[in-house]
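Letter by letter, the sequence shown follows residues 33 to 321 of the working numbering.
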Amino acid sequence: MKKILLTGGKGFFSTRFYERYKNEYEILSLGKEEFNVCDEEKVFEVFSRFKPDYVIHAAAIAVTEFCNKNPEIARKVNVDGTAFVARACREFGSKLVFISSEQVFNGNIKMGPYSEEDIPVPNTVYGQNKLEAEKIIKETICEYWILRFTWLFGMPERNMGMASNILWETVSTLIKGERIYASPNEFRGMTYIYDMVENIIKVFDIPYDTYHIGSSNDMSRYDVVKHILTEMGLSSRIDEVLIKDEEKYKNFPRDVRLDTSKINKYGIVFPSTKDAITRCIKEYKLNLK
Numbered sequence: 033m034k035k036i037l038l039t040g041g042k043g044f045f046s047t048r049f050y051e052r053y054k055n056e057y058e059i060l061s062l063g064k065e066e067f068n069v070c071d072e073e074k075v076f077e078v079f080s081r082f083k084p085d086y087v088i089h090a091a092a093i094a095v096t097e098f099c100n101k102n103p104e105i106a107r108k109v110n111v112d113g114t115a116f117v118a119r120a121c122r123e124f125g126s127k128l129v130f131i132s133s134e135q136v137f138n139g140n141i142k143m144g145p146y147s148e149e150d151i152p153v154p155n156t157v158y159g160q161n162k163l164e165a166e167k168i169i170k171e172t173i174c175e176y177w178i179l180r181f182t183w184l185f186g187m188p189e190r191n192m193g194m195a196s197n198i199l200w201e202t203v204s205t206l207i208k209g210e211r212i213y214a215s216p217n218e219f220r221g222m223t224y225i226y227d228m229v230e231n232i233i234k235v236f237d238i239p240y241d242t243y244h245i246g247s248s249n250d251m252s253r254y255d256v257v258k259h260i261l262t263e264m265g266l267s268s269r270i271d272e273v274l275i276k277d278e279e280k281y282k283n284f285p286r287d288v289r290l291d292t293s294k295i296n297k298y299g300i301v302f303p304s305t306k307d308a309i310t311r312c313i314k315e316y317k318l319n320l321k
């Protein structure tokens, strides 16, 4: 049985990955308490003990606002920590899957979708951290898959990690009885967490490289929220609960959508964001009709 070291073990992605594959691989899933990526000695100690065939490095500080306010802390985890993991992979012969982000394109002026050939221009600390970490990986090892994720979405589950996402933000705002503000000038891919969990394991069988991965989406954030409300049976209340935020990103539309055709050629394909949201809502029985 192949061994996988999974970092960020208590996070949104890693908890679900572990539950899905714990009987197919020997997985060592470690949170920050057990695996401090900022401590190179401890990182090498874990590698030496477990000797993983694969490492899925999902540990990161991904909250954009926190990273912008605390750049030194963010860099220590997101860049230095990744460097330590990459060096350990080189030392112990482990293959690395690095979870990067669409946010490397957050400062680009032209509209997406962006391919792997486009030059990233990150304008947030988090995006800059991810791009720098990618560069370090490429300079350190040869056996790697850098995966730039789109925004993941899903619902809270017992004993599972959670992260802010478009679906839960919409549902939780409705629960609080508040109105939802969404911009028609913001575009990004949004991927159902379980679609990512099912597909990511397939990268073990494709060439080492950098890939964009996740669902395609042609809808603005406003239209995505409108679709969520419709699928939840709230179409008659859209005008009441949803506010079109015309001013946000008015002068410089935000578009971090990714062109995933490169990885699609290897049979790693996803449903559209629209279809995935519809399925997720049905699976969680969120229809309020």
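Beta carbons are placed, not taken as given, at the ideal position from N, Cα and C, and that holds for glycine.
By the Cβ-count criterion, N161 is buried, with 16 or more other Cβ atoms from all chains shown falling within 10 Å of its own Cβ.
Looking at the backbone, the Cα of Y176 and that of L128 are separated by about 5 angstroms. Spatial neighbours of C70 in its own chain (CB-CB distance under 7 angstroms, excluding positions within 5 residues in sequence) are listed in chain order as K108, V109, D112, G113. The beta carbon of F45 sits closer than 6 angstroms to those of A90, all from its chain and outside the five residues before and after it, given in chain order. Comparing alpha-carbon positions, the option among L184, E134, G193 lying closest to L163 turns out to be E134. The three-state secondary structure of T39, taken from DSSP, is strand. Secondary structure of I105 (DSSP, three-state): helix. Note that the C-beta distance between K208 and I300 is not below 7 angstroms. Approximately 39 angstroms separates the beta-carbon atoms of K276 and Y298; this is outside 8 angstroms, ruling out the contact.
In the structure shown, D112 adopts helical secondary structure according to DSSP, grouped into three states.
K306 is the residue among Y281, L261, T205, K306 whose C-alpha sits nearest the C-alpha of D250. Residue environment analysis places D237 among the exposed positions, since fewer than 16 neighbouring C-beta atoms fall within 10 angstroms of its C-beta. With a cutoff of 7 angstroms on beta-carbon distance, V257 and I212 are scored as near each other. According to the DSSP assignment, D241 belongs to the beta strand (DSSP E) that extends over 241-245.
By the CB criterion at 7 angstroms, L290 and P145 fall inside the cutoff.
Around F116, the same chain offers V69, E72, V75 as residues with beta carbons nearer than 7 angstroms, after the five sequence neighbours per side are excluded. Counting C-beta atoms within 10 angstroms of its own C-beta, R81 has fewer than 16 neighbours from the protein chains shown and is therefore classed as exposed. Going by C-alpha positions, A195 is about 31 angstroms away from E171.
If only uninterrupted beta strand (DSSP E) runs of at least 3 residues are considered, those enclosed by the segment 168-195 are 176-181, 183-185. The beta carbon of I169 sits closer than 6 angstroms to those of A118, F130, Y176, all from its chain and outside the five residues before and after it, given in chain order. In terms of CA proximity to E272, L261 leads the group Y281, K280, K282, L261.
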